[in-house]
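Down below is the structure, laid out as structure tokens.
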Amino acid sequence: MPITPTDQIWMNGELVAWDDARIHVLTHSLHYGMGVFEGIRAYETKNGPGVFRLTDHIERLFNSAKILMMEIPYSVDELIDATKATVAASGLPGCYIRPIAYYGYGEMGLNTLPCSVDVAIACWPWGAYLGDDALSKGVRMKISSWTRHDNNTMPPAAKTTGNYVNSSLAKIEALKAGYDEAIMLNPHGFISECTGENIFVRRHGRLITPPLADGALEGITQDSVMTIAGDLGFEVSLGQLTRSDLYVAEEMFVCGTAAEVSAVNSVDDRTIPCPGTMTTAIAEEYHKAVRGETDRYKDWVELAT
Ligand SMILES: Cc1ncc(COP(=O)(O)O)c(C=O)c1O
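Start counting the sequence shown at 3; every next residue gets the next number (the working numbering).
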């Protein structure tokens, strides 16, 4: 998806002009994939741009860094404030936000311990990741021939730049085969997640979503959806799923910051009823929650003013 530039990017403590947010070609993380990042959305609310679950995202960034033994030279609060400042400076009513922490220029080699850590936060306008009609018409999914990383290979709990080699291989394979998105199995053959979304499947009237142990990122949208589903009176739990569970699902959707709640209409050409009633109800609530329109979830929205 093409990027629409905004005026400024926060880099190492200050807002700089978009075109001046440059790095050296020998920047360490560019070579070895040892960066950590987040994808966050701010939505237009009646009180200005509201960043959805900002604190949770920044805390996950720090957890990703902890897994890599990377010391981010800022506090959680400082990066929350920096994110709000970046969104406010853009003047956009809503946007996608990309904070990234990476090993900078100055050291080369696999020992990251002596490396400096740089941090940048950019934001820009971004539409629906899986298409405008992903909720109404649903997306076509394919089980990938690529396996999700094992927990002892590339920890899926850490949102590292390097982890996304695996996701990109699967995404490209699915697109070239005429599908919209790939589903990743873990090394034991259980469903983990998509290339950038968590999966929810309805089986016997209950919603099930794979846990971190099966190779899924602990999605913030996944967590929001579980809360919303519970509040709507739906039975929902973390649980192990096989590909057959998907083929015979009563309904299925995927969710993530970028994709929001997107319905699934087929997996490996087995048709799935779409959009299902639970999917539609949850998507409606999610749509209101992110815009601060539901009192019950108002703490999820942090104003960028
Ligand atoms: C691999 C992967 N799984 C799941 C998700 C969904 O996570 P979240 O809802 O926190 O955006 C993402 C998006 O960040 C992702 O990249």
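Ideal placement from N, C-alpha and C gives every residue a C-beta, glycine not left out.
> Touch check for the stretch 31–51 and the stretch 64–75: three-plus C-beta pairs under 8 Å?
Replying inline: Inter-segment contact for the stretch 31–51 and the stretch 64–75 is present: three or more beta-carbon pairs are separated by less than 8 Å.
>> Quick check on Glu199: buried or exposed, where buried means 16 or more other Cβ atoms within 10 Å of its Cβ?
In response: Only buried fits Glu199, as 16 or more other CB atoms lie within 10 angstroms of its CB.
>> My output table needs one value for Val53: the three-state DSSP class, helix, strand or coil.
In response: Note: Val53 maps to strand in three-state DSSP.
>> Check this for me: beta carbons of Ala260 and Tyr131, under 7 Å apart or not?
In response: It is a contact, given that the beta carbons lie within the stated cut-off.
> Taking buried to mean at least 16 other C-beta atoms within 10 Å of its own C-beta, is His206 buried or exposed?
Replying inline: With fewer than 16 other Cβ atoms within 10 Å, it is exposed.
> Nearest CA to the CA of Ile42: which residue from Leu63, Gly133 and Met228?
Replying inline: Measuring from the Cα of Ile42, the nearest candidate turns out to be Leu63.
> Is Thr197 closer than 7 Å to Ala231 when the C-beta atoms are compared?
Replying inline: Their beta carbons are not under 7 Å apart, which means Ala231 does not touch Thr197 by this criterion.
>> Please classify Ala262 as buried or exposed, where buried requires at least 16 neighbouring CB atoms within 10 angstroms.
In response: Looking at the sequence itself, residue 262 is Glu, so the reference to Ala does not match. Answer is buried; the Cβ neighbour count reaches 16.
> What did DSSP end up calling Val250 once you bin it into helix, strand or coil?
Replying inline: Coil, per DSSP.
> Thinking C-alpha only, which one of Lys48, Ser268, Tyr104 and Gly217 is nearest Thr155?
Replying inline: Taking only the C-alpha atoms, the option nearest Thr155 is Gly217.
>> So, under 8 Å CB-CB, Thr85 and Ile25 are touching, yes? Tell me the CB distance rounded to an integer number of Å.
In response: A Cβ-Cβ separation of about 20 Å leaves Thr85 out of contact with Ile25 under the 8 Å criterion.
>> I need the straight-line Cα distance from Tyr76 to Ser92, nearest angstrom please.
In response: So the alpha carbons of these two residues sit roughly 22 Å apart.
> Mind checking whether the beta-carbon of Leu234 lies closer than 6 Å to any heavy atom of ligand 1?
Replying inline: No.
> With 16 other CB atoms within 10 Å as the buried threshold, where does Lys310 fall?
Replying inline: Nothing about residue 310 can be read from this structure; the chain reaches only from 3 to 307.
> Within 10 angstroms of its Cβ, does Asp120 collect 16 or more other Cβ (buried), or is it exposed?
Replying inline: With 16 or more neighbouring CB atoms inside 10 Å of its own CB, Asp120 falls in the buried class.
> Looking at C-alpha atoms only, which residue of Met228, Ala215 and Gly221 is the closest neighbour of Leu243?
Replying inline: When only C-alpha atoms are compared, the closest one is Ala215.
> Are the beta-carbon atoms of Leu219 and Val238 separated by less than 7 Å?
Replying inline: Result no, Cβ atoms of Leu219 and Val238 do not sit closer than 7 Å.
>> ligand 1 and Thr162: does any heavy atom of the ligand fall closer than 6 Å to the residue's C-beta?
In response: Not under cutoff, so the answer is no.
> Taking the runs of the alpha helix (DSSP H) that are 4 residues or longer, which of them lie wholly in the stretch 121–178?
Replying inline: Here the runs fully enclosed are 166–178.
>> Give me the residue from Leu248, Asn113 and Ser66 with the minimum Cα distance to Ile102.
In response: Ranking the options by Cα distance to Ile102, first place goes to Ser66.
> How big is the Cα-Cα spacing for Gly278 and Lys139?
Replying inline: Rounded to the nearest whole angstrom, the C-alpha separation of Gly278 and Lys139 is 11 Å.
> Which whole-angstrom value describes the C-beta separation of His30 and Cys117, a residue pair presumed to lie in contact below a C-beta threshold of 8 Å?
Replying inline: So it is a contact: roughly 5 Å between Cβ atoms.
>> Any residue with its C-beta under 5 Å from a non-hydrogen atom of ligand 1 counts. Can you list them all in chain order?
In response: Taking a cut-off of 5 Å from the heavy atoms of ligand 1, the residues with a C-beta inside it are Gly41, Glu195, Gly198, Asn200, Leu219, Gly221, Ile222, Thr223, Gly258 and Thr259.
> So is Pro4 buried or exposed if we call it buried at 16+ other beta carbons inside 10 Å?
Replying inline: Result: exposed.
> How many angstroms separate the CA atom of Pro189 from the CA atom of Ser147?
Replying inline: Straight through space, the alpha carbons of Ser147 and Pro189 are spaced by roughly 11 Å.
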